[in-house]
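J.: Heads up, our numbering is the position in the sequence shown plus 6, with the first residue counted as 1.
From the three backbone atoms N, C-alpha and C, an ideal C-beta is built for every residue, glycine too.
These numbers were taken from a predicted model, which means no experiment stands behind them.
Got a structure here, written out as C-alpha cells. Questions coming.
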Amino acid sequence: MNRKTALLSIVTLSLSTSLLMGNYNSASAEEINSDDYYQKKGEELQYSDFSNQYSKELQSVKKETLNQIREESLSSEQQNTYHASAVSGSMGSAGDVLTTMKGSSSTANAWPGGHAAIVVDSANTIEAYGNKGPSKDGVRYWSNNWKNRWKDAKVQRVKNSTASQRAKAVKYTKAQLYEPYNYNFASKNKTDSWYCSQLVWRAWKEQGYDLDSSSIAGVFPVDIRKSNKLK
Numbered sequence: 007m008n009r010k011t012a013l014l015s016i017v018t019l020s021l022s023t024s025l026l027m028g029n030y031n032s033a034s035a036e037e038i039n040s041d042d043y044y045q046k047k048g049e050e051l052q053y054s055d056f057s058n059q060y061s062k063e064l065q066s067v068k069k070e071t072l073n074q075i076r077e078e079s080l081s082s083e084q085q086n087t088y089h090a091s092a093v094s095g096s097m098g099s100a101g102d103v104l105t106t107m108k109g110s111s112s113t114a115n116a117w118p119g120g121h122a123a124i125v126v127d128s129a130n131t132i133e134a135y136g137n138k139g140p141s142k143d144g145v146r147y148w149s150n151n152w153k154n155r156w157k158d159a160k161v162q163r164v165k166n167s168t169a170s171q172r173a174k175a176v177k178y179t180k181a182q183l184y185e186p187y188n189y190n191f192a193s194k195n196k197t198d199s200w201y202c203s204q205l206v207w208r209a210w211k212e213q214g215y216d217l218d219s220s221s222i223a224g225v226f227p228v229d230i231r232k233s234n235k236l237k
C-alpha cells in the first residue's frame, strides 16, 4: 500500500462511518412502535460493535500509514547520503572512533571545539551536527573522508573490543539516525537528541566501555581522544 492509497483508505473509512452514524441518528429521531423496539436496540448494539471494530482498524491503518511514510522518508534520505563504495580519505573500520580538534559540530559559543564520529564502513560515518540547516542537522550519515576533511584526524579502536561489540556500537548509532542535535552540552545522558561526542560516547557506553576521560558534566571530543580505553 503506497502513501496515497493508505490516506485514501482512511478518508473512505471515515466517510463511511459518518454516513452510518447519520443514518442511525435519523432513525432514532423517528417514532418506532414497541414491536420494533428490540429489533432497533439489537441493530444499535451491532452498530456499536462495528463502530468499536472500525475504530481499532482505523487506528491500525493510521499507524501503518505513518510508519510507511517515515520508512519511505528515511529510505529516500539514506539513498541521498549513504555511499555504496569506499570514498577518498577513508579512515578506520566499523565501530572505530574518529576525532579531530580542529573542527566543530556546532557554532554555539559554549562548544569547546573538535568533532567526533563513529565509522560505519570504508565509505560512511555517522555524525551529529548542529547549525548546518534542516537537511543536515542532527544524527546523519556522512562521508568517511576524514583524512581529507581534517588534517589532525585520528582513528582509534576500543581496546579489547570484539567485532561483535563494534558492530553493536554501529547498530546503536544507526538507531539514532535523524534524531535532533543536542545543544545542551552538559546533558550527555539524554537519549532523544545528540551532539557528536555524546553519540560516540553513548554508543560505546552501551557496550560496557566508558570513553569519557574527564569528570565534567559533558563529554567532548578531547575527552574521548584521551581515553585510556582507546588505542
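1) Decide if Pro3 is buried, meaning its Cβ has at least 16 other Cβ atoms within 10 Å, or exposed.
2) Leaving out the 5 sequence neighbours to the left and right, which residues in its chain are closer than 6 Å to Lys196 when beta-carbon positions are compared?
3) Give me the residue from Val93, Ser111, Thr87 and Ser221 with the minimum Cα distance to Val206.
4) Nearest CA to the CA of Asn151: which residue from Ala123, Lys235, Val176 and Ala169?
5) Whose C-beta lies closer than 6 Å to the C-beta of Leu183 among residues of the same chain, with five residues either side of it excluded?
6) Which one of Gly101, Trp148, Asp158 and Val103 has the shortest CA to CA distance from Tyr88?
7) Name the residue from Gly120, Asn130 and Asp102 whose alpha carbon lies nearest to the alpha carbon of Ala92.
8) Please go through the stretch 108-188 and give each complete alpha helix (DSSP H) segment of 4 or more residues, from N-terminal end onward.
9) For Val3 versus Ser203, is the C-beta distance shorter than 8 Å?
10) Beta strand (DSSP E) containing Leu104: first to last residue?
11) Let me know the secondary structure DSSP gives Leu217 once reduced to three states.
12) Since Ile230 is in the alpha helix (DSSP H), which residue starts that stretch and which ends it?
T.: Short version:
1) Beyond the ends of the chain as shown, which are 7 and 237, falls residue 3; an answer cannot be given.
2) The residue labelled residue 196 in the question sits at position 190 within the sequence shown. Here the set comprises Asn188.
3) Taking the first residue of the sequence shown as position 1, residue 206 is located at position 200. If we check each option's Cα against that of Val206, Ser111 comes out closest.
4) Here residue 151 corresponds to residue number 145 of the sequence shown, with the count starting at 1. Out of Ala123, Lys235, Val176 and Ala169, the CA that lies nearest to the CA of Asn151 is found in Ala123.
5) Along the sequence shown, one-based indexing puts residue 183 at 177. Val145, listed in sequence order.
6) Stepping through the sequence shown from its first residue, residue 88 is reached at position 82. If we check each option's Cα against that of Tyr88, Trp148 comes out closest.
7) Residue 92 sits at position 86 when you count from the first residue of the sequence shown. Out of Gly120, Asn130 and Asp102, Asn130 has the C-alpha closest to the C-alpha of Ala92.
8) Considered as a whole, the stretch 108-188 harbours 152-155 and 169-181 as its complete alpha helix (DSSP H) runs of no fewer than 4 residues, in chain order.
9) Past the edges of the chain, shown from 7 to 237, lies residue 3, and the structure says nothing about it.
10) As a first step, residue 104 is located in the sequence shown; it is residue number 98 there, counting from the start. Val103 to Thr106 is the span of the beta strand (DSSP E), which, as asked, contains Leu104.
11) For the purposes of this step, residue 217 is taken as the residue at position 211 of the sequence shown. Under the three-state reduction of DSSP output, Leu217 falls in the coil class, being neither helix nor strand.
12) Along the sequence shown, one-based indexing puts residue 230 at 224. That run of the alpha helix (DSSP H) goes Pro227 to Arg231.
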